[in-house]
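Engineer: Sending over a structure as structure tokens; questions will come in a sec.
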Amino acid sequence: MHTKHKQKQQVDLGRLHNNDITAPRKNFLFTTFQTVTPQYEATFAKICLFINIKNMMEGGRHIAILGGGIIGCTIAYYITLLKEDPNLEITVIEKTDIACAASGRAAGFITSNWNDGGPLQDLTQNSFRLHAELAETLNGKVTYDYRPIQTLSITASVRAQNAKEPPIDWLKGKLIQKAECIGTTKTTAQLHPYKFCQTLIKEAKSRGAKVRIASVEGLIFDKYKITAVRLNDEVILPVDTIIVAMGPWSGPCLQWLVKQGDRMYSLPDVNGQRAHSLLLRPSVPLSPHICFMALSLGHKFSEPEFYPRPDGDVFVSGEIDNGVLPKSANEFEPNPTSIKNLKRDCNLLSPDILGTATVVKENCCWMPISSDTLPLIGKVPWLDGVYLATGHNVWGISNCTGTGLVIAEMVLMGQAQSIDVRALAPLRPKNSRVHQ
Ligand SMILES: Cc1cc2nc3c(=O)[nH]c(=O)nc-3n(C[C@H](O)[C@H](O)[C@H](O)COP(=O)(O)OP(=O)(O)OC[C@H]3O[C@@H](n4cnc5c(N)ncnc54)[C@H](O)[C@@H]3O)c2cc1C
């Protein structure tokens, strides 16, 4: 589709050797401007604007991607792939570690058609195509366990009568009431999300992107133009473009955007919702079937999801609750009851295999959810140089590639080329139905 997608292996060795971004940068006078207080911010905004204009005149722009989850990594990948300006600087600013949050701890399920008929349709379809293309380019089968896979929806009950033959041999027959194929190897696939993020960021770094481990604490504007990002320890990083991709932590950043001078604008809010997971290692390999279960326990329902992986592990997820979003992605504590419930479901549905498997990890993480449940993808119209790519809800792994590409197009070419994402624009279109 895009000829530019062919790997551009133009690695500027000089830039690679200068990859240590903690070193002061020649014309950014970095060390001089380290300590700022709010009253000096206007002055700093002007200084940063001056530095940015000077850099642009010398041929350089500086794009900062805020957040190193799967969305930030994919954007970094596509920007570095499509960029033509060798002086363009790209920095991913990540508070904790690349893919330390939901992006590294998700199941890794991807689909082509489960969002058909809704506002995510084009994004999901294009993302699926791009995932297949990337798996070819990056040897995804080996580097991040990409594989097309069949997906089943299975209804089960502890009180099942006339129980059916289980559709797969690792589920207990007696409980199964109904099984249905809801995804074929043409429409569903899986990947290891942590390995995928690491692969993409490595590619982006090989083409000059930098990763800076630091916390984004504020933004500095000159009127409506972004001029710098304020990091922890009052470090100021001059930039001319930012992309907000901080997943469930994007909320406070959006608040910095809506208030400009004495005017208030409006953006959907973004917050987080927690889900739990187990990583199991059974003693025998499981057939490649992802299973979405609806399990009646008599007094209540449970909806565990089983994802056998090519490396022999099985990812089990479910148990969504309103656990409070921690300050940092590494400060998480799964709810013991939720973990117990997931183990109960494994014991009921697969007592001989999942019930006796070694528990490698008990985990939880937060998915980013906007107030209207749809992602925010695009430019903030009242600001110069500010883009959003957040709120991907349960579809961040599936929809990351389409998001990364379309944001790269907007930032580098001024507008979306691959798909129409106007229904997902940060300023929601008036009178349009954006709800699914
Ligand atoms: C249990 C579970 C299973 C899932 N399974 C799937 C699946 O199979 N398929 C699918 O499509 N989706 C799945 N999802 C959803 C998917 O994981 C998310 O939509 C996706 O990971 C969101 O990616 P992100 O990059 O927007 O956010 P995140 O992964 O949350 O990344 C945000 C990053 O921003 C960083 N950050 C936060 N604050 C700051 C700051 N101040 N400064 C700098 N950096 C900061 C964080 O440290 C983090 O690394 C699942 C979610 C959960 C919880």
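The sequence shown maps to residues 1 to 436 in UniProt numbering. All C-beta atoms in this analysis are idealised placements derived from N, C-alpha and C, irrespective of residue type, glycine included.
Whole angstroms are fine: how far does the CA of residue 281 sit from the CA of residue 213?
Structural biologist: Near 32 Å, if we compare the C-alpha coordinates of residue 281 and residue 213.
Engineer: Just the Cα atoms here: how many angstroms apart are residue 258 and residue 266?
Structural biologist: Using only the alpha carbons, I get a separation of about 6 Å.
Engineer: Mind the definition here: the segment 206-226 touches the segment 86-105 only if three or more C-beta pairs lie below 8 Å; say whether that holds.
Structural biologist: Yes, they touch.
Engineer: Using CA coordinates, which residue listed in 242, 251, 186 is at the minimum distance from residue 367?
Structural biologist: Answer by Cα proximity: 251.
Engineer: Does the segment 289-302 come close enough to the segment 115-131 to have 3 or more Cβ pairs within less than 8 Å?
Structural biologist: No: fewer than three Cβ pairs fall under 8 Å.
Engineer: Decide if the segment 224-236 is in contact with the segment 138-150; the criterion is three or more beta carbon pairs, one per stretch, under 8 Å apart.
Structural biologist: The segment 224-236, when compared against the segment 138-150, does not touch it at the 8 Å Cβ threshold.
Engineer: Please determine whether the Cβ atom of residue 408 lies at a distance below 8 Å from any heavy atom of ligand 1.
Structural biologist: Checking every heavy atom of ligand 1 against the Cβ of residue 408, none is found closer than 8 Å.
Engineer: Are the beta-carbon atoms belonging to residue 419 and residue 110 less than 9 Å from one another?
Structural biologist: Against a cut-off of 9 Å, the Cβ pair of residue 110 and residue 419 comes out as no contact.
Engineer: Run through the DSSP bridge pairs and tell me what residue 366 is partnered with.
Structural biologist: Its beta-bridge partners are 274.
Engineer: Relative to the C-alpha of residue 327, which candidate in 234, 429, 395, 217 has its C-alpha closest?
Structural biologist: Comparing Cα-Cα distances from residue 327 to each of 234, 429, 395, 217, the minimum goes to 217.
Engineer: Exposed or buried, residue 356, counting other C-beta atoms within 10 Å across all chains shown (16 or more means buried)?
Structural biologist: Per the 10 Å Cβ criterion, exposed.
Engineer: Whole-angstrom Cβ separation of residue 101 and residue 312, contact assumed at under 8 Å?
Structural biologist: Wrong, their Cβ atoms sit about 25 Å apart, outside the cutoff.
Engineer: Would the beta-carbon of residue 357 be found less than 8 Å away from any heavy atom of ligand 1?
Structural biologist: No, Cβ of residue 357 sits at least 8 Å from all heavy atoms of ligand 1.
Engineer: Using beta-carbon positions only, say whether residue 400 and residue 181 come within less than 9 Å of one another.
Structural biologist: No, these two residues do not count as a Cβ contact at 9 Å.
Engineer: Let me know the secondary structure DSSP gives residue 494 once reduced to three states.
Structural biologist: This structure leaves residue 494 out entirely; the chain is present only between 1 and 436.
Engineer: Compute the Euclidean distance between the alpha carbons of residue 118 and residue 99, then round it to the nearest angstrom.
Structural biologist: Residue 118 and residue 99: Cα-Cα distance of roughly 28 Å.
Engineer: Which residues mark the beginning and the end of the alpha helix (DSSP H) in which residue 215 is found?
Structural biologist: Careful: residue 215 lies outside any alpha helix (DSSP H) and carries neither H nor E.
Engineer: Scan the segment 82-126 and note each continuous alpha helix (DSSP H) run of 4 residues or more that stays entirely inside, going in chain order.
Structural biologist: For the segment 82-126, whole alpha helix (DSSP H) runs of length 4 or above, ordered along the chain, are 102-105.
Engineer: Would you say residue 364 and residue 275 are within 9 Å of each other, going by their C-beta atoms?
Structural biologist: Yes, they are a contact pair.
Engineer: Check the DSSP bridge columns for residue 183 and list the partner residues they point to.
Structural biologist: BP columns for residue 183 point to 151.
Engineer: Starting from residue 321, trace the beta strand (DSSP E) in both directions and tell me its first and last residue.
Structural biologist: It spans 314-321 - the beta strand (DSSP E) in which residue 321 sits, taken as one unbroken run.
Engineer: Quick one: measure Cβ to Cβ for residue 157 and residue 175, integer angstroms, because I've assumed they're closer than 8 Å.
Structural biologist: Confirmed, Cβ separation roughly 6 Å.
Engineer: Answer with buried or exposed for residue 240, where buried requires no fewer than 16 other C-beta atoms within 10 angstroms of its C-beta.
Structural biologist: Its Cβ being crowded by 16 or more others within 10 Å, residue 240 is buried.
Engineer: With DSSP collapsed to three states, give me the class of residue 424.
Structural biologist: Helix, per DSSP.
Engineer: Please list, in chain order, all residues of the same chain as residue 121 whose beta carbon is under 7 Å from its beta carbon, the five residues on each side excluded.
Structural biologist: Cβ within range, chain order: 115.
Engineer: Considering just the uninterrupted stretch of the alpha helix (DSSP H) at residue 194, what are its terminal residues?
Structural biologist: Element bounds for residue 194: 193-206.
Engineer: For residue 280 and chain C, any beta-carbon pair shorter than 9 Å?
Structural biologist: Within the model displayed, chain C is absent; a lone protein chain is all it includes.
Engineer: Have a look at the DSSP bridge pairing and note the partners of residue 292.
Structural biologist: The partner list for residue 292 (beta bridge, DSSP) reads 153, 305.
Engineer: Assuming residue 244 and residue 66 form a contact by the criterion Cβ under 8 Å, report the distance between their Cβ atoms to the nearest whole angstrom.
Structural biologist: 5 Å between Cβ atoms; contact.
Engineer: Rank 337, 314, 414, 369 by C-alpha distance to the C-alpha of residue 325 and give the top, closest one.
Structural biologist: Checking every option, the nearest Cα to that of residue 325 belongs to 369.
Engineer: Of the residues 359, 349, 410, 354, which one's Cα is nearest the Cα of residue 377?
Structural biologist: Considering only alpha carbons, the answer is 410.
Engineer: Per DSSP, which residues does residue 189 bridge with? Please list them.
Structural biologist: In DSSP, residue 189 forms a bridge with 110, 148.
Engineer: With residue 173 and residue 150 assumed to form a contact (beta carbons below 8 Å), what rounded beta-carbon distance in angstroms separates them?
Structural biologist: Contact doesn't hold; Cβ gap of about 19 Å is too wide.
Engineer: Report the residue from 416, 424, 75, 421 whose alpha carbon sits nearest the alpha carbon of residue 242.
Structural biologist: Of the candidates 416, 424, 75, 421, the one whose C-alpha sits nearest the C-alpha of residue 242 is 75.
Engineer: Between residue 279 and residue 360, how many whole angstroms is the CB-CB distance? I'm expecting something under 8 Å.
Structural biologist: Indeed they touch by this definition, with Cβ atoms about 4 Å apart.
Engineer: What is the rounded straight-line gap between the Cα of residue 238 and the Cα of residue 309?
Structural biologist: Cα-Cα distance, rounded: 43 Å.
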